[in-house]
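Quick note, the sequences are listed as chains A and B, same order.
For the first sequence, this note's numbering gives the first residue as 45, with consecutive numbering after it.
For the second sequence, this note's numbering gives the first residue as 8, with consecutive numbering after it.
Each residue gets a CB set at the ideal place from its N, CA and C atoms; glycine is no exception.
Since the structure comes first, as structure tokens, the remarks are kept for the end.
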Amino acid sequence: MTTALAPTAVPAQRRPWNRRRQTVVRSGILVLASLAISYGLTETTELGGILGFYLGLALCLPVLVFAESIRHGWNVAVDRVAASVIVAAFGAVLIPWASIFLTVYRKGSKAFHAGYLTEDMRITPSSDPLQFGGVAHAIVGTLIMVLIASAIAVPLGITAAVYIVEVKGRFAGFVRFLTQAMSGVPSIVAGLFIYATVVIFFGGFSAWAGALAYVILMLPTVARTAEEVLKLVPDELRSASYALGASQARTTFRVVLPTIASGLVTSAILGVARVAGETAPLILTASYFVATSTNLNEPIASLPIYIFSSLGLGDDNATTRAWGGSLVLLIVVFVLFALARTLSTRLSRK
Amino acid sequence: MTDTATTPERRRLTTNYTPVDRVFRGSMTAGALFSLVVLALIAAFLLYRGFEIFSDFGFSFITGEVWNIGDPMDTSTAVLGIGAMLVGSVLTAVIAILIAVPFAMSAALFIEYYAPKSVRTALTALLDLVAAIPSVIYGIWGYAVLLPIVEDWSVPLERWLDFIPIFDVPSGIFGRSPFLAGLLLSLMITPIVTSVAREVYGQAPRDLVDASYALGGTKWGAIRNVVLPFGRSGLVGGAMLGLGRALGETVAVYLTLNLVFDINFRILGSAGGNVASLIATKFGEATPYELKALMAAGLVLFLVTLLVNFLATVIVNRSRRIV
Numbered sequence: 045m046t047t048a049l050a051p052t053a054v055p056a057q058r059r060p061w062n063r064r065r066q067t068v069v070r071s072g073i074l075v076l077a078s079l080a081i082s083y084g085l086t087e088t089t090e091l092g093g094i095l096g097f098y099l100g101l102a103l104c105l106p107v108l109v110f111a112e113s114i115r116h117g118w119n120v121a122v123d124r125v126a127a128s129v130i131v132a133a134f135g136a137v138l139i140p141w142a143s144i145f146l147t148v149y150r151k152g153s154k155a156f157h158a159g160y161l162t163e164d165m166r167i168t169p170s171s172d173p174l175q176f177g178g179v180a181h182a183i184v185g186t187l188i189m190v191l192i193a194s195a196i197a198v199p200l201g202i203t204a205a206v207y208i209v210e211v212k213g214r215f216a217g218f219v220r221f222l223t224q225a226m227s228g229v230p231s232i233v234a235g236l237f238i239y240a241t242v243v244i245f246f247g248g249f250s251a252w253a254g255a256l257a258y259v260i261l262m263l264p265t266v267a268r269t270a271e272e273v274l275k276l277v278p279d280e281l282r283s284a285s286y287a288l289g290a291s292q293a294r295t296t297f298r299v300v301l302p303t304i305a306s307g308l309v310t311s312a313i314l315g316v317a318r319v320a321g322e323t324a325p326l327i328l329t330a331s332y333f334v335a336t337s338t339n340l341n342e343p344i345a346s347l348p349i350y351i352f353s354s355l356g357l358g359d360d361n362a363t364t365r366a367w368g369g370s371l372v373l374l375i376v377v378f379v380l381f382a383l384a385r386t387l388s389t390r391l392s393r394k
Numbered sequence: 008m009t010d011t012a013t014t015p016e017r018r019r020l021t022t023n024y025t026p027v028d029r030v031f032r033g034s035m036t037a038g039a040l041f042s043l044v045v046l047a048l049i050a051a052f053l054l055y056r057g058f059e060i061f062s063d064f065g066f067s068f069i070t071g072e073v074w075n076i077g078d079p080m081d082t083s084t085a086v087l088g089i090g091a092m093l094v095g096s097v098l099t100a101v102i103a104i105l106i107a108v109p110f111a112m113s114a115a116l117f118i119e120y121y122a123p124k125s126v127r128t129a130l131t132a133l134l135d136l137v138a139a140i141p142s143v144i145y146g147i148w149g150y151a152v153l154l155p156i157v158e159d160w161s162v163p164l165e166r167w168l169d170f171i172p173i174f175d176v177p178s179g180i181f182g183r184s185p186f187l188a189g190l191l192l193s194l195m196i197t198p199i200v201t202s203v204a205r206e207v208y209g210q211a212p213r214d215l216v217d218a219s220y221a222l223g224g225t226k227w228g229a230i231r232n233v234v235l236p237f238g239r240s241g242l243v244g245g246a247m248l249g250l251g252r253a254l255g256e257t258v259a260v261y262l263t264l265n266l267v268f269d270i271n272f273r274i275l276g277s278a279g280g281n282v283a284s285l286i287a288t289k290f291g292e293a294t295p296y297e298l299k300a301l302m303a304a305g306l307v308l309f310l311v312t313l314l315v316n317f318l319a320t321v322i323v324n325r326s327r328r329i330v
């Protein structure tokens with residue numbers, strides 16, 4: 045018994061989820077129309093400025109989208125309105141951040157001159173013309189405190205992570221919980237604590253005190269990132285090491301940790317990025333000093349306090365210096381961030 | 008094989024650590040418990056330095072709205088209370104949450120379900136990046152850029168809505184108001200709330216989403232019926248993490264809020280409070296007795312944020328465990 049199979053036509057593959065040109069054109073028209081309406085609104089009503097324009101846009105885009113798509117039925121209309129609201133809200137979220145970057149760049153670059161990164165404020169009052177003085181003292185101070193803090197916080201953070209992932213001790217859950225609780229400590233409270241102990245006992249503000257306040261804020265970030273990285277190490281590696289007769293200590297220090305060296309560097313960098321911009325704890329611990337200093341027992345300058353103290357003066361040149369300091373700080377944080385990102389992608393590719 | 012063969016007793020597996028390993032495990036445990044020591048020391052020292060305040064004022068330190076050192080030589084003339092600052096902290100943090108959560112939800116949904124796959128990682132990286140913008144930069148930007156905008160907006164808002172008490176401004180002075188500080192805080196906490204929300208939304212069960220599509224549902228239908236209910240507790244936890252951060256923020260609030268020792272809920276007027284920026288404001292010229300009061304205020308702030316973060320951690324962890 046043979047049945048002749050009728051040659052059925054294979055239907056052409058369709059991709060209904062792909063955007064069609066018609067849809068793109070239609071949404072373009074809707075967006076343009078609501079742009080026009082909200083422009084009209086800003087001209088004729090009290091909705092002023094770029095914010096008013098955006099509010100008008102956020103109000104009329106959903107209305108237009110709804111009016112256009114209701115002919116396909118209620119569900120489709122609601123779906124399209126939801127999509128337009130979500131996209132518009134996401135766009136609104138981006139505006140302030142873009143404004144921060146642009147403002148800091150525009151105002152900050154005015155403070156730059158040839159010696160901005162190599163001179164300090166030793167003989168320059170903040171209100172002096174902008175071609176004098178610079179942020180060298182603040183960069184050196186921040187660097188010193190960050191290095192001391194890293195020397196303490198990075199080993200401790202990695203220890204906590206090793207305890208949770210490798211030792212798997214009785215308190216593992218508790219330690220993870222503590223680390224999370226510690227990351228919620230407000231930075232001013234960390235500063236207040238160091239003031240109540242270190243500054244009062246040793247009789248004054250110092251770079252040491254600033255660095256110790258940094259340790260409290262850095263430790264949770266390092267510990268959490270290191271824990272995430274440690275979990276990436278495959279168990280086969282550990283088993284192989286144990287099978288060769290290595291102790292747990294040897295396995296950890298010679299096999300596990302070297303495998304994720306770049307991830308541990310990432311955790312340290314993220315910790316540094318977390319604290320480099322902290323202002324509040326330094327007001328209470330390291331205070332401020334106008335000259336470049338490497339004396340750890342004296343008050344020391346830092347980028348955030350340089351910004352903060354220039355801002356409090358109300359003078360135009362001083363304010364411009366504050367923006368200049370902000371630009372330097374923002375660049376420092378972003379460079380650290382890019383570094384961490386590059387290292388961690390290299391690790392995950394491995 | 009005979010039927011009489013019995014299964015052997017199950018052996019107990021034990022690990023006997025070598026001396027080296029015992030030292031290793033012991034030292035790791037000690038290092039890991041360092042954070043416990045720090046947290047305990049923070050509470051202990053702030054209590055020790057601020058104890059006199061608590062014994063002098065008792066509960067009225069928490070509820071009182073007057074901050075008056077009186078005669079600097081005579082501590083018995085001082086009247087110190089952080090009631091107004093506590094109310095202000097909560098008010099600005101709540102404003103921040105109310106603004107940040109809907110935007111963070113939308114941003115998280117956009118990244119997970121609407122954005123093209125190619126930009127998804129870039130957007131996630133951008134989120135991490137803006138989360139790292141230092142608070143002093145938010146503060147200087149808030150003062151220079153956001154303040155004039157909010158001032159412009161407060162005037163018509165007050166005119167239209169002044170029948171609602173919180174929008175009424177009898178003094179007619181706008182500017183460095185709780186609304187401005189709350190708006191700035193909302194920008195600062197949006198990245199963290201978004202990344203928590205994005206994480207939980209991304210874990211929504213794929214088969215249920217597909218089932219929703221298969222029943223002819225729209226994308227929004229799938230999100231509303233599967234993704235949002237699934238991520239609700241995670242979102243609450245993320246919002247509470249943001250709340251903890253907003254309560255403890257110092258410099259940005261210091262620059263954008265006018266501290267006034269008076270409990271009020273008028274969010275548009277140029278008068279508000281925040282415990283953290285109280286400490287930063289008063290610290291410079293504080294008398295020894297006032298300094299003790301600041302330590303006590305720090306302890307209150309520490310305990311409040313610890314509690315909020317504790318709840319947030321519990322909620323976020325529970326929402327992760329379901330997965």
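Output the distance between the C-alpha atoms of residue i and residue j, rounded to the nearest integer angstrom.
i	j	result
H181 of chain A	S240 of chain B	47 Å
G90 of chain B	F290 of chain B	18 Å
I196 of chain B	V137 of chain B	10 Å
T269 of chain A	L340 of chain A	29 Å
L261 of chain A	W141 of chain A	24 Å
V137 of chain A	G249 of chain B	16 Å
V330 of chain B	E158 of chain B	Here the model assigns V330 of chain B a pLDDT of 46, short of 50, so the residue's position is not dependable and the matter cannot be decided.
S284 of chain B	V260 of chain B	6 Å
V315 of chain B	L288 of chain A	47 Å
R70 of chain A	A127 of chain A	14 Å
M45 of chain A	V54 of chain A	With a pLDDT of 49 at M45 of chain A, under the threshold of 50, the modelled position of that residue is not reliable, and no figure is offered here.
G149 of chain B	T363 of chain A	14 Å
L391 of chain A	F41 of chain B	29 Å
F218 of chain A	V211 of chain A	14 Å
F245 of chain A	T131 of chain B	45 Å
R58 of chain A	Q66 of chain A	16 Å
G251 of chain B	V109 of chain A	38 Å
L85 of chain A	E112 of chain A	21 Å
Residues in its own chain within less than 7 Å of residue i by CB, not counting five upstream and five downstream?
i	result
T223 of chain A	A204, P264, A267 and R268
V129 of chain A	P106
T336 of chain A	D164, A180, H181 and V184
N324 of chain B	none
Considering only residues of the same chain and omitting the five flanking positions on each side of residue i, which have a CB-CB separation below 8 Å?
i	result
T162 of chain A	G178 and A180
A211 of chain B	V233, V234, F237 and G238
P172 of chain B	F272 and R273
Y149 of chain A	L371
W252 of chain A	I192, V242, F246, L340 and N341
Can you pull the chain B residues whose beta carbon is under 9 Å from the beta carbon of residue i, in chain order?
i	result
R385 of chain A	A132, D135 and L136
A204 of chain A	M35, G38, A39, L40, F41 and S42
Residues in its own chain within less than 6 Å of residue i by CB, not counting five upstream and five downstream?
i	result
G57 of chain B	K299, M302, A303 and L306
L383 of chain A	I313
Chain B partners of residue i, CB-CB under 8 Å?
i	result
M226 of chain A	S42, V45 and L46
Y207 of chain A	M35, T36, G38 and A39
Which chain A residues sit within Cβ distance under 8 Å of residue i?
i	result
L308 of chain B	P230, I232 and V233
R183 of chain B	Residues of chain A passing the Cβ test: none, with the nearest at roughly 14 Å.
T263 of chain B	By Cβ distance, chain A contributes nothing, its closest Cβ being about 12 Å from T263 of chain B, past 8 Å.
I need the boundaries of the alpha helix (DSSP H) containing residue i, first residue and last residue.
i	result
E272 of chain A	A251 to L274
A127 of chain A	W118 to G152
K226 of chain B	K226 to A229
S331 of chain B	Residue 331 of chain B lies beyond the stretch modelled for chain B, which goes from 8 to 330, so this question has no answer here.
A345 of chain A	That residue, A345 of chain A, is in no alpha helix (DSSP H); it is neither H nor E in DSSP.
L135 of chain B	What sits at residue 135 of chain B in the sequence shown is Asp, not Leu. K124 to A138 is the extent of the alpha helix (DSSP H) around D135 of chain B.
Under 7 Å Cβ-Cβ, which residues of chain B neighbour residue i?
i	result
S370 of chain A	I144 and I147
Residue i touches chain A at which residues, Cβ-Cβ below 7 Å?
i	result
D28 of chain B	S291, Q292 and A293
>> Closer than 9 Å between beta carbons: that is the criterion. Which residues of the region 350-363 of chain A meet it against chain B?
In response: If the cut-off is 9 Å between Cβ atoms, the region 350-363 of chain A has I351, F352, L355 and T363 near chain B.
> Any residues in the region 141-165 of chain A with a beta carbon nearer than 7 Å to a beta carbon of chain B? Which ones, in chain order?
Replying inline: Residues passing the 7 Å Cβ filter: W141, S143, I144, T147 and V148.
>> So if I threshold CB-CB distances at 9 Å, which residues from the region 224-257 of chain B count as touching chain A?
In response: Of all residues in the region 224-257 of chain B, those with a C-beta nearer than 9 Å to a C-beta of chain A are G224, T225, K226, W227, G228, I230, R231, L248, G251, R252, L254, G255, E256 and T257, reading in chain order.
> Looking at chain B, which residues of the region 260-288 of chain A have a Cβ within less than 8 Å of any of its Cβ atoms?
Replying inline: Of all residues in the region 260-288 of chain A, I260, L263, P264 and A267 have a Cβ within less than 8 Å of some Cβ in chain B.
> Listed in chain order, which residues of the region 277-290 of chain B have Cβ atoms closer than 7 Å to some Cβ of chain A?
Replying inline: From the region 277-290 of chain B, only A283, I286, A287 and F290 have a Cβ closer than 7 Å to chain A.
>> By the 8 Å beta-carbon criterion, what residues does the region 323-337 of chain A contribute toward chain B?
In response: Answer set for the region 323-337 of chain A: T323, A324, I327 and L328.
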